[in-house]
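A quick write-up on the structure given underneath.
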Amino acid sequence: MRGWRGVGLVSGWQTVASLCFYAIFAATAFLRTEFTLSRTLVGVTITATMLGYTLLLFVMGALVDGYGERPVMIAGLLALGAGAVGVGVAPTYPALLVALLVIGGAYAAAMPATNRAILAVAPPGRRNLAMSLKQVGVTVGSGLGAVLVTWVAATRFGWRGGFFVAAAAAALVAVAFGYWYRGDGGHGSPGLPDVRGLLARPDYRTLAAAGFFYGGTIFTTTAYVVLYLTESVAVAAGLAGTTLALVQLTGSVGRIGGGVLVDRLPAGDARASALVLCGQSLAGAACLVAVTLVEGPLVAAAGFAALGLFLFGIPATYYACMTALVPADRVGEATAGGQLTINVGGLVAPPAFGYLVDTAGYAAGWYALAAGGGLAALLIGWLLRLTEA
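If you count by this note's numbering, then the sequence shown holds residues 27 to 415, one letter each, in order.
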């Protein structure tokens, strides 16, 4: 199914998977109220989700390379739906954390599988644009989750109702994907990833290190936008959720724009991706500082929209660069390694941000994230040195 139809099918899978995964990020304000949580414990809910994601990354990467992406993607989406049901019925905070571990573990299939699928279906010469379109599924899914949870929360079903809708969507799309997508298959059996071989490469090691800071900034911003707007800007939860969806929308524009720019730069795929990634990192760090200076709901929404354009546009370029650095038969494990560093940032940063907010205020938290973005830009600058012809 090589061509744009295949790209659309993989992107649709990514959208629904991200809807299930990121819905919890939009529910932070409701979790804090229902379970009487501090801002730090709100961050722990994200850490639990990221922990499940991180623990199974290399397992999923090995399964994808061994058996192909199709069976892993079908099973992963069904498991995401089951985890969403678990969140919807969780009676206590510990039960909620268990359900989030399931969601995170199931979502670990997403990046290794969809990146491999895109390489299989992308039209010739349009690999970077195809990768960007697939990555738009992350931002679209996250935006849909933000709107779904915050809007359904205003109905008699409450915020939990949104998770039941997400679970139903996951089941339907898993069936449709299984019917239409065939894939290229794997090499026959899963093996242990050659982590040492990957880390021996300075270019891969540098890019993966930058992923730590990308994960910290992106996951923390996603987790705290709704809470920040409801607490510091005093907007209604529905409007805050819409703002988060707007951030994801502009992030989608940033991902597509980044992919188009990479395809048009007169350089190899890896170096062109690194050039765009460096610019996105610097602009994202500047926007993280700028959001501390805005007041009022409309101005705040505009500030976060600008942030989304650059910061949330990064993952597509990051993965385009990573898949250009390694051979095609190493994409699953290489992606798993790169996603691992992103996830470690997502594990550490949200509760640390929450602690900073609890003790020093929101401005301190946003400044810390901006510093991380600046460090990522420095690492990509070094990567450009390494990729010089």
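By construction, the Cβ of each residue, glycine as well, lies at the ideal position given by its N, Cα and C atoms.
Query	Result
Buried versus exposed, by CB contacts within 10 Å (16 or more), Pro150	exposed
Whole-angstrom C-beta distance between Ala293 and Leu301, which should lie under 8 Å	7 Å
Where the alpha helix (DSSP H) through Leu198 begins and ends	186-206
Within 9 Å, strictly: CB atoms of Met157 and Gly285	yes
CB of Gly398 within 9 Å of CB of Gly163, strictly	no
The stretch 141-150 / the stretch 28-47 touching (three or more Cβ pairs under 8 Å)	yes
Spatial distance of Ala390 from Ala342 (CA atoms)	28 Å
Classification of Thr59 by the beta-carbon crowding that lies within 10 angstroms, buried from 16 upward	exposed
Selection from Ala386, Gly277, Val175, Ala135 that minimises the alpha carbon distance to Thr165	Gly277
Residue closest to Gly92, alpha-carbon to alpha-carbon, out of Ile129, Val370, Val357	Val357
Rounded straight-line distance, which links the Cα of Asp289 to that of Asp295	7 Å
Host alpha helix (DSSP H) of Phe238 (start-end)	228-258
Nearest neighbour of Val325, chosen from Leu366, Gln161, Leu272 [CA to CA]	Leu272
Straight-line gap, Arg96 to Trp206 (C-alpha atoms, nearest Å)	10 Å
Touching by the beta-carbon criterion (3+ pairs, under 8 Å), the stretch 68-83 and the stretch 37-44	no
Length of the line joining the Cα atoms of Tyr250 and Phe330	12 Å
Buried or exposed by the 16-neighbour rule on C-beta atoms within 10 Å, applied to Leu382	buried
Helix, strand or coil at Ser168 [DSSP, three-state]	helix
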